[in-house]
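Colleague: Residue numbers (the working numbering), protein chains in the order written: chain A, 3 to 116; chain B, 200 to 308.
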Amino acid sequence: KAGVTQTPRYLIKTRGQQVTLSCSPISGHRSVSWYQQTPGQGLQFLFEYFSETQRNKGNFPGRFSGRQFSNSRSEMNVSTLELGDSALYLCASSLFGGENTEAFFGQGTRLTVV
Amino acid sequence: GQSLEQPSEVTAVEGAIVQINCTYQTSGFYGLSWYQQHDGGAPTFLSYNGLDGLEETGRFSSFLSRSDSYGYLLLQELQMKDSASYFCAVGAGSYQLTFGKGTKLSVIP
Numbered sequence: 003k004a005g006v007t008q009t010p011r012y013l014i015k016t017r018g019q020q021v022t023l024s025c026s027p028i029s030g031h032r033s034v035s036w037y038q039q040t041p042g043q044g045l046q047f048l049f050e051y052f053s054e055t056q057r058n059k060g061n062f063p064g065r066f067s068g069r070q071f072s073n074s075r076s077e078m079n080v081s082t083l084e085l086g087d088s089a090l091y092l093c094a095s096s097l098f099g100g101e102n103t104e105a106f107f108g109q110g111t112r113l114t115v116v
Numbered sequence: 200g201q202s203l204e205q206p207s208e209v210t211a212v213e214g215a216i217v218q219i220n221c222t223y224q225t226s227g228f229y230g231l232s233w234y235q236q237h238d239g240g241a242p243t244f245l246s247y248n249g250l251d252g253l254e255e256t257g258r259f260s261s262f263l264s265r266s267d268s269y270g271y272l273l274l275q276e277l278q279m280k281d282s283a284s285y286f287c288a289v290g291a292g293s294y295q296l297t298f299g300k301g302t303k304l305s306v307i308p
């Protein structure tokens, strides 16, 4: 079966712009989580969605937002981009989002803010 | 809050055994997971420990001691392809995984 698909793979934006990243989970998976990965901080949790509801949000400013659609696809948006937002953004899907289940990660979107 | 500590780098010889330790401090604990990530690749799930003890999956084993807030990943018969970053992650009941900063494993001939 197809894995988790993230688009685009690479993105270059200018400070102050906004960006939308997309994640298509594995078919049948209803939970989608987003993580930011940087060399200094590792993987940091952004938010988790299940059946279009955000169940948890990490410690990120309000410029970071997301949503999930009825087909479980998810998008995250970052507004007013800052240089520090440059990172690899990873999406992970699982059946129900429990922490005792395997999360399947996409290849990520590499965002560079200049 | 949650915090996890793991070594930043480990080097081991092909064919040898290596252990990557992870200690954690969390408010709430459901279990400890391990993920592997090759450079430029996506993290992939290796194992999960919800109860104390050893879980074995082929050449990889993972151990958990809840009383010590400690776990480790054991890789046996190391191969060059095992060169990657390894992350421990804790689930604490809030639909999120908190990851350690990763251990970069270099396997040398």
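Backbone N, C-alpha and C fix where the C-beta goes; we use that ideal spot for every residue, glycine too.
1. Establish whether the CB of Ala241(B) and some CB of chain A are separated by less than 8 Å.
2. Identify the residues that DSSP records as bridge partners of Ala288(B): which are they?
3. When you compare only the Cα positions, how much space is there between Ser260(B) and Gln205(B)?
4. So, Gly60(A) versus Leu90(A), is the Cβ gap smaller than 8 Å?
5. Can you find at least 3 beta carbon pairs, one from the stretch 25-36 of chain A and one from the stretch 276-284 of chain B, that sit closer than 8 Å?
6. Following the continuous beta strand (DSSP E) through Gly270(B), name the residue where it begins and the one where it ends.
7. Here's a check: name, in chain order, each residue in its chain whose Cβ is nearer than 6 Å to the Cβ of Gln56(A), leaving out the five neighbours to either side.
8. From which residue to which residue does the beta strand (DSSP E) around Val116(A) run?
9. Roughly how far, in whole angstroms, is the beta-carbon of Ser76(A) from the beta-carbon of Gly68(A), given that I think they are within contact range, below 8 Å?
10. With H, G and I counted as helix, E and B as strand and the rest as coil, what does DSSP make of Gly240(B)?
11. Beta-carbon of Leu45(A) versus every beta-carbon of chain B: anything under 8 Å?
12. Can you list the beta strand (DSSP E) stretches of 3 or more residues lying completely in the stretch 66-98 of chain A, in chain order?
13. Return no unless some Cβ of chain A is closer than 8 Å to the Cβ of Leu296(B).
14. Spell out whether any CB of chain B is found under 8 Å from the CB atom of Ala105(A).
15. Just to confirm, is the Cβ distance from Ser268(B) to Thr222(B) under 8 Å?
16. Please report the distance separating the alpha-carbon of Ala105(A) from that of Asp87(A).
17. Answer yes or no: does any C-beta atom of chain B fall closer than 8 Å to that of Gln70(A)?
18. Would you check if the distance between the CB atom of Gly227(B) and the CB atom of Asn102(A) is smaller than 8 Å?
19. Does any residue of chain B bring its CB to less than 8 Å from the CB of Arg2(A)?
20. Do Leu250(B) and Pro262(B) have their beta-carbon atoms positioned less than 8 Å apart in this structure?
21. Quick one: is Ala279(B) buried, meaning 16 or more other Cβ sit within 10 Å of its Cβ, or exposed?
Modeller: The relevant details are as follows:
1. yes
2. Ser232(B) and Phe298(B)
3. 16 Å
4. no
5. no
6. Tyr269 to Leu274
7. Phe49
8. Val116(A) -> no beta strand (DSSP E), and no H or E assigned at all.
9. 6 Å
10. coil
11. yes
12. 66-70, 76-80 and 89-96
13. yes
14. yes
15. yes
16. 24 Å
17. no
18. no
19. In the structure as shown, chain A starts at 3 and stops at 116, and residue 2(A) therefore has no counterpart that could be examined.
20. The displayed chain sequence assigns Phe, not Pro, to residue 262(B). Taking 8 Å as the Cβ cut-off, Phe262(B) and Leu250(B) do not qualify as a contacting pair.
21. It should be noted that the sequence gives Met, not Ala, for residue 279(B). Met279(B) is exposed by the Cβ-count criterion.
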